[in-house]
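Student:
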Amino acid sequence: MPDADPAALAFLLSRRSVPAQALTTPMPDRDTLTRILTAAARSPDHGKLEPFRFVVLGRDALGRIAGTLPAHGARLGVPADKIAKAVATYGAASLAVVVVHSPKPSDKVPAIEQTYATGGVCLALVNASLAAGFGATWLSGWFSHDATFVQHELGLAPLESVAGIVHIGTATSTPPDRPRPDLNAITDWSRA
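Going by UniProt numbering, the sequence shown runs without a break in its numbering and finishes at 192.
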């Protein structure tokens, strides 16, 4: 029988994201964040292509980005309330890590598998942050899908995209658990 890790399983069964608005300082120092990023980068990666990278955004960078959102939103025709919400979220944030999907040419590994690997890194980053004692949440948003924004404000290359923006900090409150999937509705046991 394989060795079980009941504490790890209990953590995974009870984990939940913390809304960005409920995150504050202190946040992980550089050494702690390096360990968190190291854990996230251990996600499955078919072909060892590393189709992902990280951009760490501190308070100053987040404030600068918040300041650019009204102009980007106006250019894209985003409703004013969505722009204001993004400005408030990013203007108040202290730390966020952008998980960049950076696909690599490969005859062996399909592009979609590289996308899945990068998504796995996003979840692993959230879970590693939570396991380190911090609150975290995986966000995106209208601006994270805009090539002009991500290239000019985040320094992404033309073929790169944002898979997620993971906000990390100290949770000011514990969010209530949300309804979880009904396993009977989403699991087919007929072939077991």
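The C-beta atom is built at its ideal place from N, Cα and C for all residues, glycine as well.
Could you tell me the alpha carbon to alpha carbon distance between alanine 96 and proline 176, rounded to whole angstroms?
Tutor: Translated into the one-based positions of the sequence shown, residue 96 becomes position 96. Translated into the one-based positions of the sequence shown, residue 176 becomes position 176. In a straight line, the C-alpha of alanine 96 is about 23 Å away from that of proline 176.
Student: Contact between the region 160–177 and the region 5–20: three or more CB pairs below 8 Å?
Tutor: Contact between the region 160–177 and the region 5–20 is present, because at least three Cβ pairs lie under 8 Å.
Student: Just list the residues that DSSP pairs leucine 23 with in beta bridges.
Tutor: To locate residue 23, count along the sequence shown from 1; it is residue 23. Answer is Ala171, bridged to leucine 23.
Student: Indicate the three-state DSSP secondary structure (helix, strand or coil) for serine 161 in the structure shown.
Tutor: Within the sequence shown, numbered from 1, the residue matching residue 161 stands at position 161. If DSSP states are grouped into helix, strand and coil, serine 161 belongs with the strands.
Student: Determine the closest residue to threonine 118 out of Glu50, Leu183, Ala10, Asp3, with distance taken between C-alpha atoms.
Tutor: Within the sequence shown, numbered from 1, the residue matching residue 118 stands at position 118. Checking every option, the nearest Cα to that of threonine 118 belongs to Glu50.
Student: Do you know whose CA, among Ala132, Val18, Phe52, lies nearest threonine 34's CA?
Tutor: Translated into the one-based positions of the sequence shown, residue 34 becomes position 34. Nearest of Ala132, Val18, Phe52 to threonine 34, Cα basis: Ala132.
Student: Flag this pair as yes or no: are the beta carbons of glycine 155 and alanine 86 separated by less than 7 Å?
Tutor: Taking the first residue of the sequence shown as 1, we reach residue 155 at position 155. Taking the first residue of the sequence shown as 1, we reach residue 86 at position 86. Taking 7 Å as the Cβ cut-off, glycine 155 and alanine 86 do not qualify as a contacting pair.
Student: State buried or exposed for serine 190, treating a residue as buried only when at least 16 other CB atoms are found within 10 Å of its CB.
Tutor: Start at 1 with the first residue of the sequence shown, and residue 190 comes out as number 190. Classification of serine 190: exposed, given that the 10 Å Cβ count is below 16.
Student: Quick check on the DSSP output: the beta strand (DSSP E) that includes histidine 101 runs from which residue to which?
Tutor: Within the sequence shown, the letter at position 101 stands for residue 101. Counting along the chain, the beta strand (DSSP E) containing histidine 101 begins and ends at 95–101.
Student: With contact counted as at least three CB pairs below 8 Å, one residue from each stretch, are the region 166–174 and the region 18–26 in contact?
Tutor: Output reads yes: the region 18–26 touches the region 166–174.
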